Amino acid sequence: MKKMRMARVSQLLFLFIFFALFVSTEYRGSDTVPAAINSFFRSDPLVLATYLAAARSFTWLLFPALLMLLFTALLGRFFCGWICPLGTILDLVTGRIRKSGPIQLLKGNFKYWLLLPLLFAALFRVNLAGLLDPLAILVRGLTFFLYPLIGDTARQGWVGVYRLIGARRDHIAPAYNLLHDYLLPFRETFYPLAFLSALMLGGIIFLERYERRNWCRNICPLGTLLGLLSRFSIFSRVPATLCDDCAKCKSACPSTFREGVQLKEECLLCLECVDWCRQRKAHFVLEPPRREGRPFLPERRVLIGGALSGFLLAGAFRFRSPEANARMLRPPGVKDEDEFLDKCVRCGECMKVCLKGALYPSVLHGGVGGIFTPMMIPRLGYCEYNCTLCGQVCPTAAIPSLPVEEKRRAVIGKASFDKNVCLPFAKKTNCIVCEEHCPMPKKAIQAETVRTTDLNGKPVELKQPYVVDDLCNGCGICENVCPLEGKAGIEVLAVHDKTPLKVAAGEAQQQEWADPYQ
Amino acid sequence: MKRRAFLKFAGLAALFHRFFVRDLFAAQGPVVAVATNRDHAAATRSAIAALGGMKRFVKKGDVVVVKPNIGWDRSPEQAANTNPTVVKTVVQEALAAGAKKVKVFDRPCNDERRCYVNSGIKAALAGMKNVELKFMEVERYRKVTLNGKALPEWDLYDEALDANVFINVPVAKNHGLTRVTAGLKNVMGVMGRNRGSIHRKIDESLADVNRVLKSHLVVVDATRILTDNGPQGGNLADVKILNKVLASTDIVAIDAYATTLFGLKPEDIAVTVAAHRRGLGEIDLKKVRLMQV
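Here it is as structure tokens:
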């Protein structure tokens, strides 16, 4: 058996941690998610860079990313070769894919043409980093596509067993429950953009047809950013050039030897070249960075072009349809749409963790620039009154992590009745399922009893509901449970003023009410 | 004693005894046991004992379904769900009477995981042998012909239908539409599909379901009752502590009595009235034997 390299051990370890965190990003009986997958995003320098540029503020949540920047400047792109789960997946599959030679288009400055507009667009307040961030692409591919698919397949199988043997299925239920409790998604939610997410992830794997780590060395904006920094690295390979008599390491290297020189900005520090060196000449040493006689950025026009296209990109994504925007309900605690867009990584974490499957990636509701950002679709799920998980997993606090009392008062939108379809108004029959489910202790939906005649002219007593705006936090349960088919008789609409609901007099005191019999 | 005398005595005794039993349980109408005790487990036990004990309902080897209200993501003191101590005691009694397995479930309105945890019922039943606290699964609903006034048929939960004994353990509380709910409304928890739609004719619909899915025993938790902003409340100012547990085999009678705890008359509640009219039980509390224990 081939000797397992240290880098590979580290890769597998981080891949395992990544999957473990991914699976545990779910409610499992505790109000807090102890180890959310967001630690990967919080260590992501691309997220940090675009956050700094767009939000123009710093958050201590992203401190690990700062450390990562520092260590990359010291050591090089070790993240790509030792940690990045997407890189690990590529390394694991690439051996099975026959190569047909590099794509010339991707060579040269292609990656800078991606990274720089991305960074400059963020500076002009359109933060699209998450769209191309490798971790975000991986999490989205898993969350929106693979995980629901696996969950649904297992579930269908389980249902099939019931159809086959009926209640006798109970004998094997403990085994399935174990799987369901710890590995499978609790609720199989299907997402819009699942296909696009799968396509992006699949596309990256497909690129392995052309050369090893094609995405990592030619496209990945995170890797490119890390590469820029690693030029300062004091960790260098000697000999710097290929030996004349042997170029074995060149064929072993998943990265690039350009004109015989190993490029620091592309070296993943996998140390394969050290292992493959027959003369045992190749090794890494600590030494001050060499002057390479190359400009820091490849060409000035890339920089200027990047800035210009970032600016244009930022402007081009501003269109928002008012009607679609009216249903653009952001997760609880998000007050300002623009600030949210500056900070959101589009990683899909909040949607993964959402208890009731209320959050979905936006397609075009918030304009092209809002693609993959989370929005609530109340007809499919609602914001659970006592749940605070989305704020807990958000790596950049785009969704603030609020204590539960504050989250309950955070305004998502306001409900309003559509009296053309709502039963007591349109059909003159009783209903008020919405009032029943309204979680506000004083009920944001109230009902007045009216005497009227029904559709047959018979006198009836009806409870006609109405919304009290000052009590409504827009959680959406009313719209979710409305028994009408398709369109609900009550709908939550977006509002500009998201001032949290006031604390009702006497409410704070009640929190401390103790059960005298416990 | 001579043989003839013995036979006479035995014959008369048997005859007399039969009348006596009939007098006790039939002539005086249904029994509602009302236990008041700050120890809620003791209250539950004595209410059931007053009806003749759990052995009257559960035979050795029975599969028992205990159906509490676990509808909401609320804590026990908020009185939106059945008191976990009451649920646990009913389960214990059923096991003690010889139940082979006790299944506990509900179809909550909030996230089921949160409801099971925060109602305190998951913790209360943790570690008990032969007890299953389970989430309901879509494929297990079975289409049942009800031939009712409002519902011709509906999907009901197979484990509830198949149980040897169905014990209905609701909490008594306020409800926006029906004013007060207890046993009759609690069976909504075994209904599948879009059950919100039955609110249009909730009184007849609930009678339809209760006519088919009979509660062999109803234990109403009135240790704390929610007097306003039901069915989920959330405001402790709406909670009244009564420390009462009721038990009966007559679901209408027990609901009727529970109504009085809210200062209302049984006739005020359309659901109870409809169920009585449909022959599900006695609404007139004068014809009900109340056993205060």
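First to last, the protein sequences are chains R and A.
Residue numbers for the first sequence follow the working numbering, beginning at 1040 and rising by one.
Residue numbers for the second sequence follow the working numbering, beginning at -16 and rising by one.
All C-beta atoms in this analysis are idealised placements derived from N, C-alpha and C, irrespective of residue type, glycine included.
All values derive from a computational prediction rather than experimental measurement.
>> Can you tell me whether H1322(R) is helix, strand or coil according to DSSP?
In response: Mapped onto the first sequence, residue 1322(R) falls at position 283. Strand, per DSSP.
> Cα separation between V277(A) and E250(A)?
Replying inline: This structure cannot speak to residue 277(A), because chain A is shown only from -16 to 276.
> Can you name the start and end residues of the alpha helix (DSSP H) that H259(A) belongs to?
Replying inline: To locate residue 259(A), count along the second sequence from 1; it is residue 276. For H259(A), the enclosing alpha helix (DSSP H) stretches over residues 253 to 260.
> Taking Cβ positions only, does E136(A) come closer than 8 Å to chain D?
Replying inline: In summary, chain D is missing from the structure at hand, where the protein chains are R and A.
> Taking the Cβ atom as the reference point for each residue, do M1316(R) and R1276(R) lie within a distance shorter than 8 Å?
Replying inline: Counted from its first residue, the first sequence places residue 1316(R) at position 277. Counted from its first residue, the first sequence places residue 1276(R) at position 237. In the sequence as presented, Met is not what sits at residue 1316(R); that position holds Cys. For C1316(R) and R1276(R), no; Cβs fall outside 8 Å.
> How close, in whole Å, do the beta carbons of M1239(R) and I1189(R) come, if the pair is a contact with beta carbons under 8 Å?
Replying inline: Within the first sequence, residue 1239(R) is the residue found at index 200, counting from 1. Within the first sequence, residue 1189(R) is the residue found at index 150, counting from 1. Incorrect: roughly 19 Å between the Cβ atoms, too far for contact.
> Residues of chain R with a CB under 9 Å from the CB of L160(A): which are they?
Replying inline: By one-based count along the second sequence, residue 160(A) stands at place 177. By Cβ distance, chain R contributes N1469, C1470, I1471, V1472, E1474, E1475, A1486, K1502.
>> Given this structure, state the Cα-to-Cα distance separating K1287(R) from N1257(R), to the nearest angstrom.
In response: Indexing the first sequence from 1 puts residue 1287(R) at position 248. Indexing the first sequence from 1 puts residue 1257(R) at position 218. Answer to the nearest angstrom: the Cα atoms are 22 Å apart.
> Listed from N- to C-terminal order along the chain, which residues in the stretch 178 to 207 of chain A have their beta-carbon within a distance smaller than 7 Å of any beta-carbon of chain R?
Replying inline: G179, S180, H182, R183
> For G1242(R), which residues from the same chain have a beta carbon less than 7 Å from its beta carbon, with the 5 sequence-adjacent residues on both sides left out?
Replying inline: As a working note, residue 1242(R) is residue 203 in the first sequence. If we look at G1242(R) and ignore the five residues flanking it on each side, it has no Cβ neighbours.
> At what residues does the beta strand (DSSP E) containing C1447(R) begin and finish?
Replying inline: Within the first sequence, residue 1447(R) is the residue found at index 408, counting from 1. The question names Cys, yet the displayed sequence has Arg at residue 1447(R). Premise fails: R1447(R) lies in the alpha helix (DSSP H), 1443 to 1448, not in any beta strand (DSSP E).
> Which residues, in chain order, does the stretch 1426 to 1449 of chain R contribute to contact with chain A at a C-beta distance below 8 Å?
Replying inline: C1426
>> Taking 7 Å as the limit between beta carbons, can you name the residues of its chain near R21(A), skipping five residues before and five after?
In response: Numbered from 1 along the second sequence, position 38 holds the residue referred to as residue 21(A). Result list for R21(A): N226, in chain order.
> What's the C-alpha gap between N1512(R) and A107(A)?
Replying inline: Position 473 of the first sequence, counted from the first residue, corresponds to residue 1512(R). Position 124 of the second sequence, counted from the first residue, corresponds to residue 107(A). The alpha-carbon of N1512(R) is positioned some 33 Å away from that of A107(A).
> At least one CB of chain R closer than 8 Å to the CB of V69(A): is that the case?
Replying inline: Translated into positions along the second sequence, residue 69(A) becomes position 86. Taking Cβ atoms only, chain R never reaches closer than 8 Å to V69(A), which makes this a no.
> Expressed to the nearest angstrom, what Euclidean distance is found between the alpha-carbon atoms of M37(A) and G217(A)?
Replying inline: To locate residue 37(A), count along the second sequence from 1; it is residue 54. To locate residue 217(A), count along the second sequence from 1; it is residue 234. If I take the Cα positions, the gap works out to 33 Å.
> In whole angstroms, what is the alpha-carbon distance linking P1371(R) and S1401(R)?
Replying inline: Stepping through the first sequence from its first residue, residue 1371(R) is reached at position 332. Stepping through the first sequence from its first residue, residue 1401(R) is reached at position 362. Rounded to the nearest angstrom, the two C-alpha atoms are 16 Å apart.
> Counting along the chain, where does the alpha helix (DSSP H) carrying P1400(R) start and finish?
Replying inline: The residue you call residue 1400(R) lines up with position 361 of the first sequence. Premise fails: P1400(R) lies in the beta strand (DSSP E), 1398 to 1400, not in any alpha helix (DSSP H).
>> For a cutoff of 8 Å on Cβ pairs, would you count L1394(R) as touching chain A?
In response: Within the first sequence, residue 1394(R) is the residue found at index 355, counting from 1. Chain A contact via Cβ: present.
>> What does the Cβ neighbour count give for A1214(R), buried or exposed, with the cut at 16 atoms within 10 Å?
In response: Walking along the first sequence from the start, residue 1214(R) turns up at place 175. A1214(R) is exposed by the Cβ-count criterion.
> What separation, rounded to the nearest whole angstrom, lies between the Cα atoms of V87(A) and V1165(R)?
Replying inline: Your numbering for residue 87(A) matches position 104 in the second sequence. Your numbering for residue 1165(R) matches position 126 in the first sequence. Using only the alpha carbons, I get a separation of about 52 Å.
> For R272(A), which residues of its own chain have a beta-carbon under 8 Å away from its beta-carbon, when the five flanking residues on both sides are left out?
Replying inline: Walking along the second sequence from the start, residue 272(A) turns up at place 289. If we look at R272(A) and ignore the five residues flanking it on each side, its Cβ neighbours are Q11, G12, P13, V14, V15.
> Are there three or more Cβ pairs, one per stretch, closer than 8 Å when the stretch 86 to 102 of chain A is compared with the stretch 52 to 65 of chain A?
Replying inline: yes
> Where does R1047(R) sit, in a helix, a strand or coil, going by DSSP?
Replying inline: For this step, residue 1047(R) is matched to residue 8 along the first sequence. Residue state for R1047(R) is assigned as helix, using DSSP reduced to three classes.
> Is M1415(R) near A1397(R), with beta carbons less than 8 Å apart?
Replying inline: Residue mapping note: residue 1415(R) aligns to position 376 of the first sequence, counting from 1. Residue mapping note: residue 1397(R) aligns to position 358 of the first sequence, counting from 1. Going by C-beta atoms, M1415(R) is nearer than 8 Å to A1397(R).
>> Alpha carbons only, please: which of C1309(R), L1167(R), F1061(R) is nearest the one belonging to T1182(R)?
In response: Stepping through the first sequence from its first residue, residue 1182(R) is reached at position 143. Nearest C-alpha to T1182(R): F1061(R).
>> Classify N1495(R): buried if its beta carbon has 16 or more other beta carbons within 10 angstroms, exposed otherwise.
In response: Within the first sequence, numbered from 1, the residue matching residue 1495(R) stands at position 456. So N1495(R) counts as exposed.
>> Can you give me the C-alpha to C-alpha distance between N66(A) and L263(A), rounded to a whole angstrom?
In response: To locate residue 66(A), count along the second sequence from 1; it is residue 83. To locate residue 263(A), count along the second sequence from 1; it is residue 280. CA-to-CA, the gap between N66(A) and L263(A) works out to about 26 Å.
> Is the CB of F1464(R) under 8 Å away from at least one CB in chain A?
Replying inline: Your numbering for residue 1464(R) matches position 425 in the first sequence. No, no contact with chain A.
> Got a sec, what are the start and stop residues for the beta strand (DSSP E) N1132(R) sits in?
Replying inline: For the purposes of this step, residue 1132(R) is taken as residue 93 along the first sequence, with counting starting at 1. According to the sequence provided, residue 1132(R) is Val. The question's Asn does not apply to it. First-last for V1132(R): 1124 to 1133, but that is the alpha helix (DSSP H), not the beta strand (DSSP E).
> Where does M1107(R) land, buried or exposed, given buried means 16+ other C-beta within 10 angstroms?
Replying inline: Position 68 of the first sequence, counted from the first residue, corresponds to residue 1107(R). It counts as buried.
> CB T1071(R) to CB A1161(R), shorter than 8 Å?
Replying inline: In the first sequence, counting from the first residue as 1, residue 1071(R) sits at position 32. In the first sequence, counting from the first residue as 1, residue 1161(R) sits at position 122. No, the pair does not count as a contact, with Cβ atoms beyond the cut-off.
> Any C-beta of chain A sitting closer than 8 Å to the C-beta of E1423(R)?
Replying inline: If you number the first sequence from 1, residue 1423(R) lands on position 384. Yes, its Cβ sits closer than 8 Å to a Cβ of chain A.
>> Taking beta-carbon pairs under 7 Å, can you tell me which members of the stretch 1126 to 1143 of chain R lie near chain A?
In response: Of all residues in the stretch 1126 to 1143 of chain R, none is placed with a Cβ closer than 7 Å to any Cβ belonging to chain A.
> Out of I185(A), L167(A), I31(A), D233(A), which has the shortest C-alpha to C-alpha gap to A80(A)?
Replying inline: Start at 1 with the first residue of the second sequence, and residue 80(A) comes out as number 97. The residue with the shortest Cα to Cα distance from A80(A) is I31(A).
> Can you name, in chain order, every residue of its own chain whose Cβ lies under 7 Å from the Cβ of Y99(A), other than the five neighbours on each side?
Replying inline: As a working mapping, residue 99(A) is identified with position 116 in the second sequence. I53, K105, L116.
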